[in-house]
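Chemist:
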Amino acid sequence: MNKEQSYKAEDIKILKGLEGVRKRPAMYIGSTSVEGLHHLVYEVLDNSVDEALAGFCTHIEVRLNTDGSCTVIDNGRGIPIGIHPEDPEGRTALEIVLTELHAGGKFESKAYKVSGGLHGVGVSVVNALSEFLEVEVRRNGKIVRQRYSRGVPISPVEEIGQTDKTGTKITFKPDPEIFETTEFSRDILLHRFKELSYLNKGLTIVLTDERDGFREEFIAEGGIISFVEDLNRGKRVINPKPIYVTGQKDGVIVEIAIQYNESYSEEVLTFVNNINTREGGTHLVGFKSSLTRTINSYAIQKGLIKEGKESLSGEDVREGIVAVISVKIPEPQFEGQTKMKLGNSEVKGIVETILNEGLSRWLEENPNYAKRIVEKSKEAARAREAAKKAKELTRRKGILEDTTLPGKLADCTEKDPSQAELFIVEGDSAGGSAKQARDRRYQAVLPLRGKILNVEKARIDKMLTSEEIKTLITAIGGGIGKETFEPEQIRYHKVILMTDADVDGAHIRTLLLTFFYRQMLPLIERGYLYIAQPPLYRIKRGKWERYIQTEEEFYKFLLDMTEEEVFIEVSEEVKKELIKQIFDYGRIMESIEKRGLSPSYMEKLLISSVSLSPLSSAFHRDYQLLKGIFERINEIFRGISKSEEFSYEKPGDHEYAIKIKNEIFKSKSIWDIYTKIMEVVKKGLSIQRYKGLGEMNPDQLWETTMDPERRTLLQVSVEDAQAANEIFTILMGDDVEPRKEFIVKHALEVRNLDI
Ligand code: 0RA
Numbered sequence: 008m009n010k011e012q013s014y015k016a017e018d019i020k021i022l023k024g025l026e027g028v029r030k031r032p033a034m035y036i037g038s039t040s041v042e043g044l045h046h047l048v049y050e051v052l053d054n055s056v057d058e059a060l061a062g063f064c065t066h067i068e069v070r071l072n073t074d075g076s077c078t079v080i081d082n083g084r085g086i087p088i089g090i091h092p093e094d095p096e097g098r099t100a101l102e103i104v105l106t107e108l109h110a111g112g113k114f115e116s117k118a119y120k121v122s123g124g125l126h127g128v129g130v131s132v133v134n135a136l137s138e139f140l141e142v143e144v145r146r147n148g149k150i151v152r153q154r155y156s157r158g159v160p161i162s163p164v165e166e167i168g169q170t171d172k173t174g175t176k177i178t179f180k181p182d183p184e185i186f187e188t189t190e191f192s193r194d195i196l197l198h199r200f201k202e203l204s205y206l207n208k209g210l211t212i213v214l215t216d217e218r219d220g221f222r223e224e225f226i227a228e229g230g231i232i233s234f235v236e237d238l239n240r241g242k243r244v245i246n247p248k249p250i251y252v253t254g255q256k257d258g259v260i261v262e263i264a265i266q267y268n269e270s271y272s273e274e275v276l277t278f279v280n281n282i283n284t285r286e287g288g289t290h291l292v293g294f295k296s297s298l299t300r301t302i303n304s305y306a307i308q309k310g311l312i313k314e315g316k317e318s319l320s321g322e323d324v325r326e327g328i329v330a331v332i333s334v335k336i337p338e339p340q341f342e343g344q345t346k347m348k349l350g351n352s353e354v355k356g357i358v359e360t361i362l363n364e365g366l367s368r369w370l371e372e373n374p375n376y377a378k379r380i381v382e383k384s385k386e387a388a389r390a391r392e393a394a395k396k397a398k399e400l401t402r403r404k405g406i407l408e409d410t411t412l413p414g415k416l417a418d419c420t421e422k423d424p425s426q427a428e429l430f431i432v433e434g435d436s437a438g439g440s441a442k443q444a445r446d447r448r449y450q451a452v453l454p455l456r457g458k459i460l461n462v463e464k465a466r467i468d469k470m471l472t473s474e475e476i477k478t479l480i481t482a483i484g485g486g487i488g489k490e491t492f493e494p495e496q497i498r499y500h501k502v503i504l505m506t507d508a509d510v511d512g513a514h515i516r517t518l519l520l521t522f523f524y525r526q527m528l529p530l531i532e533r534g535y536l537y538i539a540q541p542p543l544y545r546i547k548r549g550k551w552e553r554y555i556q557t558e559e560e561f562y563k564f565l566l567d568m569t570e571e572e573v574f575i576e577v578s579e580e581v582k583k584e585l586i587k588q589i590f591d592y593g594r595i596m597e598s599i600e601k602r603g604l605s606p607s608y609m610e611k612l613l614i615s616s617v618s619l620s621p622l623s624s625a626f627h628r629d630y631q632l633l634k635g636i637f638e639r640i641n642e643i644f645r646g647i648s649k650s651e652e653f654s655y656e657k658p659g660d661h662e663y664a665i666k667i668k669n670e671i672f673k674s675k676s677i678w679d680i681y682t683k684i685m686e687v688v689k690k691g692l693s694i695q696r697y698k699g700l701g702e703m704n705p706d707q708l709w710e711t712t713m714d715p716e717r718r719t720l721l722q723v724s725v726e727d728a729q730a731a732n733e734i735f736t737i738l739m740g741d742d743v744e745p746r747k748e749f750i751v752k753h754a755l756e757v758r759n760l761d762i
């Protein structure tokens, strides 16, 4: 690392305070359970490991202290202790690094940072979530120290001695106000420390547990070679010395170790900047394709297999493999639901190039082991071929026996109804995605052309003539009818309705629920009918991502965000109430705007208290609601401007003022204030609203809606279905009066469904 790259105090960008971290800790460290607790240790440790990656640190010690605190000591460069020249308060870089969120500064992306990786939020987050934290830095010949409580400095940066060493020592005690548990688990930590020592050849990591005197030291002189040997411990290996390939291209460092054993399993661990990429990614793709290609071309070239029909598949060449892939990238992109999948597309080619080269050379230099690996792959190929033939036979038999299952249905392989699921999906495009997304072993998909059902506003008997409803009946397998339905014959014990989150989707859902209620009641009674909960919104901020399922939840989310961003000198309760009122006001205004009335016009009427005559009766209720809110908001603001503590310039008459993200905004219109709040709060967020299931790709659909591990399903009760039946009757029935009433009563709900 040269001079320019080295960190200067003024490089630190001061961003934001840490109140937000304490309010929403999960957003920064994942959770406040055990996992989040240990995350604090990793967060500090990652910074020390970054120093090791940059070549400045060789030794890290972690101590679990008897008072419940944890100490991390490293011999890196030490956090810079100079005064930050642009800081108005003249604070040191040290204090800023410990108290400002994302004070990473310009040294970001200059090295292969772990701390910029997975959660990578910085030591300031650890500070904010600690009852106390003490940092001690050795740098520039000095030892300095500072103490904090819940992120706030409680002592100056003091010089407490002199030294010729460098390094950082951080002691922190997780805040019991934040964490569900504050007791560190040694085993969880040991696992990660061991992994880290393998991934950083020659780095020593020591854990001492002062609670019982335990001590363990990790150092892997062989790096990932030792890692692979360790994973193979106790197994019969083919190549006694792991294949080791390393190289660097376009700033990406690649290290791969491979050792085959005699088993039939496959264990490939992948890491990016020391983070375990459990979901794989481009590095793994590059690895697999290179392994398959290189072994095949070697085998062909040596006459071990014939080109073409004898070629070995990826699975064949990976039978019995144990491998560790470790790449270091300046700016990793993490994808996938758990952010454990590498996205950088350039990495695939880089890994391929490096492995092609290194592996070919190894095969040439180790012909005996190479031959055994090829032989093992050939056996795997033969076994695969035999299994496929057997499967085809049984499948053909199945087709002859059961000709009734319809073409549109993508059935699952599972035949045990208690294990099988059927997704009824609105629309062919979403149906296609669902087919791709599903786990075909136990998930069947039946797309229904919602439009047709909906346009027909079908009567139940008419529904029965629809091809797709016939398909549905055949798929479920128990027939239909009050007397005739046979619940024992049901082929899936989870029948899941998956419709769009809009009016059409709601219609189709009502229709289907009614159908099930009238024709397959026992299916509901047994609890086999479910409604999927696809997300309505996806919100992203940097690496953080969240799916939201309802308008209500989205509204609540924005409200929470606003509470964080708005500063106003009133008690926390009054502020909460004020924001809530402004939100309600804004939402009603948005709703009238959608129905063709301008919010500014409505606001004029409210301000001048003009009677309702200029308004049509359609807006009567809105006016009433708004009036109440309007008066309450004015009352609160009057209270604020009377207050002594009102520190920024007082607003003029009939003017509202609010401070959002350090910016004061004044206006005579609450609607203006509301839109400004929305603008500021949404800034920096990427908000995607899914209009339909079709807008999600198969991966997203799987992650959010279909994966049993992550989805939420609503089980339909008989009462639910009954209600749907009533709605159905009203909507489709011949009686005009109840239909009108219903539409008026539910108009707002329907509006909210389809924004
Ligand atoms: C900011 C800048 C530099 C290093 C660090 C922070 C740093 C943080 C921690 C946390 C634990 N141990 C740490 N070691 C270093 C770069 C310093 C330079 O360029 O000299």
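Residue 8 is where the sequence shown starts when you use our numbering, and the numbers rise one by one after that.
Ideal Cβ positions, reconstructed from N, Cα and C, are used throughout, including at glycine.
Note that this is a predicted model, so its numbers are computed, not measured.
Going by other Cβ atoms of all chains shown within 10 Å of its Cβ, with 16 needed for buried, is SER724 buried or exposed?
Modeler: With fewer than 16 Cβ atoms within 10 Å of its Cβ, SER724 is classed as exposed.
Chemist: Return yes when at least one heavy atom of the ligand 0RA lies under 7 Å from the C-beta of ASP511, else no.
Modeler: Not under cutoff, so the answer is no.
Chemist: Sorted by chain position, which residues of the same chain lie with C-beta nearer than 6 Å to PHE637's C-beta, five sequence neighbours on each side aside?
Modeler: The answer, listed in chain order, is LEU613.
Chemist: Please state whether the Cβ-Cβ distance between GLY174 and ASN82 is less than 8 Å.
Modeler: Their beta carbons are under 8 Å apart, which means GLY174 touches ASN82 by this criterion.
Chemist: I'd like to know whether the C-beta atoms of TYR537 and GLN722 end up nearer to each other than 8 Å.
Modeler: It is a contact, given that the beta carbons lie within the stated cut-off.
Chemist: If you draw a straight line from the alpha carbon of HIS91 to that of LEU238, how long is it in whole angstroms?
Modeler: Going from the Cα of HIS91 to the Cα of LEU238 covers about 48 Å.
Chemist: Hey, quick one: how far does the alpha helix (DSSP H) through ASP57 stretch, first residue to last?
Modeler: First-last of the alpha helix (DSSP H) with ASP57: 41-60.
Chemist: Using the beta-carbon count (16 or more within 10 Å), is ASN351 buried or exposed?
Modeler: Under this definition ASN351 is a buried residue.
Chemist: Measure the alpha-carbon distance for GLU224 versus PHE200 and round it to whole angstroms.
Modeler: If I take the Cα positions, the gap works out to 9 Å.
Chemist: For the region 146-157 against the region 32-48, do three or more pairs of beta-carbon atoms, one drawn from each stretch, fall closer than 8 Å, so that the two count as touching?
Modeler: Counting Cβ pairs under 8 Å, fewer than three are found: no touch.
Chemist: Can you give the beta carbon distance from ARG29 to GLN344, rounded, assuming they're within the 8 Å contact cut?
Modeler: ARG29 to GLN344, Cβ: 26 Å. No contact.
Chemist: Which word fits THR521, buried or exposed, when buried means at least 16 other C-beta atoms lie within 10 angstroms of its C-beta?
Modeler: The residue in question, THR521, is buried, as its Cβ has 16 or more Cβ neighbours within 10 Å.
Chemist: Can you tell me whether ILE2 sits near the ligand 0RA, meaning its C-beta is under 7 Å from at least one heavy atom of the ligand?
Modeler: Nothing can be reported for residue 2: it is not among the residues displayed for the chain, which extend from 8 to 762.
Chemist: Considering only their Cβ atoms, is the gap separating ARG391 from SER320 smaller than 8 Å?
Modeler: Yes; because the gap between Cβ atoms is below 8 Å, this pair is in contact.
Chemist: Measure from the alpha carbon of ILE497 to the alpha carbon of each residue in GLU532, GLU552, LEU518 and MET505, then state which is nearest.
Modeler: Looking at the Cα atoms, GLU532 is the closest of the given residues.
Chemist: Considering only residues of the same chain and omitting the five flanking positions on each side of GLU187, which have a CB-CB separation below 7 Å?
Modeler: Cβ within range, chain order: THR39 and SER40.
Chemist: Which residue comes first and which comes last in the alpha helix (DSSP H) that contains GLU600?
Modeler: Taken as a continuous stretch (DSSP letters only), the alpha helix (DSSP H) holding GLU600 covers 579-601.
Chemist: Do you know how far the Cα of THR481 is from the Cα of LEU530?
Modeler: Roughly 14 Å separates the two Cα atoms.
Chemist: Identify which residue in ARG602, VAL573 and PRO374 has its Cα closest to the Cα of HIS627.
Modeler: For HIS627, the nearest C-alpha among the options comes from ARG602.
Chemist: Who are the near neighbours of GLU217 in its chain, counting only those whose CB is closer than 8 Å to its CB and skipping five residues on each side?
Modeler: Around GLU217: ARG70, LEU71, ASN72 and THR73.
Chemist: Compare the Cα-Cα distances from TYR554 to each of GLU433, THR711, THR189 and TYR524 and report the closest residue.
Modeler: Checking every option, the nearest Cα to that of TYR554 belongs to THR711.
Chemist: With distances taken from CA atoms, which of LEU203, THR106 and ILE195 is nearest TYR155?
Modeler: Of the candidates LEU203, THR106 and ILE195, the one whose C-alpha sits nearest the C-alpha of TYR155 is THR106.
Chemist: Checking 8 Å against the spacing of the C-beta atoms, do ILE328 and PHE294 come in under that value?
Modeler: Against a cut-off of 8 Å, the Cβ pair of PHE294 and ILE328 comes out as no contact.
Chemist: Using CA coordinates, which residue listed in ARG222, LYS583, VAL275 and THR253 is at the minimum distance from LYS563?
Modeler: Cα-wise, what sits closest to LYS563 is LYS583.
Chemist: In the DSSP assignment, what are the bridge partners of LYS501?
Modeler: LYS501 is bridged to GLU428.
Chemist: Using only the heavy atoms of the ligand 0RA, determine whether one of them is closer than 7 Å to the beta carbon of VAL51.
Modeler: Result yes, Cβ under 7 Å from the ligand 0RA.
Chemist: From the DSSP output, which residues share a beta bridge with TRP766?
Modeler: The structure shown does not extend to residue 766, since the chain is modelled only from 8 to 762, so the question has no answer here.
Chemist: Residue range of the alpha helix (DSSP H) that ILE212 falls in?
Modeler: Run containing ILE212: none in the alpha helix (DSSP H); it sits in the beta strand (DSSP E), 211-216.
Chemist: Work out the CA separation of ILE250 and VAL358 for me, nearest whole Å.
Modeler: Approximately 15 Å between the Cα atoms of the pair.
Chemist: For ALA387, is the classification buried or exposed, using 16 other Cβ atoms within 10 angstroms of its Cβ as the cut-off for buried?
Modeler: So ALA387 ends up on the buried side.
Chemist: Can you tell me whether SER55 sits near the ligand 0RA, meaning its C-beta is under 7 Å from at least one heavy atom of the ligand?
Modeler: At least one heavy atom of the ligand 0RA is nearer than 7 Å to the Cβ of SER55, so yes.
Chemist: What is the rounded straight-line gap between the Cα of ALA5 and the Cα of ILE599?
Modeler: Only positions 8 to 762 of the chain appear in this structure, which leaves residue 5 out of reach.
Chemist: So for LYS611, helix, strand or coil by DSSP?
Modeler: Reduced to three states, the DSSP call for LYS611 is helix.
Chemist: Look at the alpha carbon of LEU700 and the alpha carbon of PRO541, and state the distance between them as a whole number of angstroms.
Modeler: The straight-line gap from Cα to Cα measures roughly 7 Å.
Chemist: Any heavy atom of the ligand 0RA closer than 7 Å to the Cβ of ASP81?
Modeler: Correct: ASP81 has its Cβ closer than 7 Å to the ligand 0RA.
Chemist: Taking all protein chains shown into account, decide if ASP507 is buried (16 or more other Cβ within 10 angstroms of its Cβ) or exposed.
Modeler: Flag for ASP507 reads buried.
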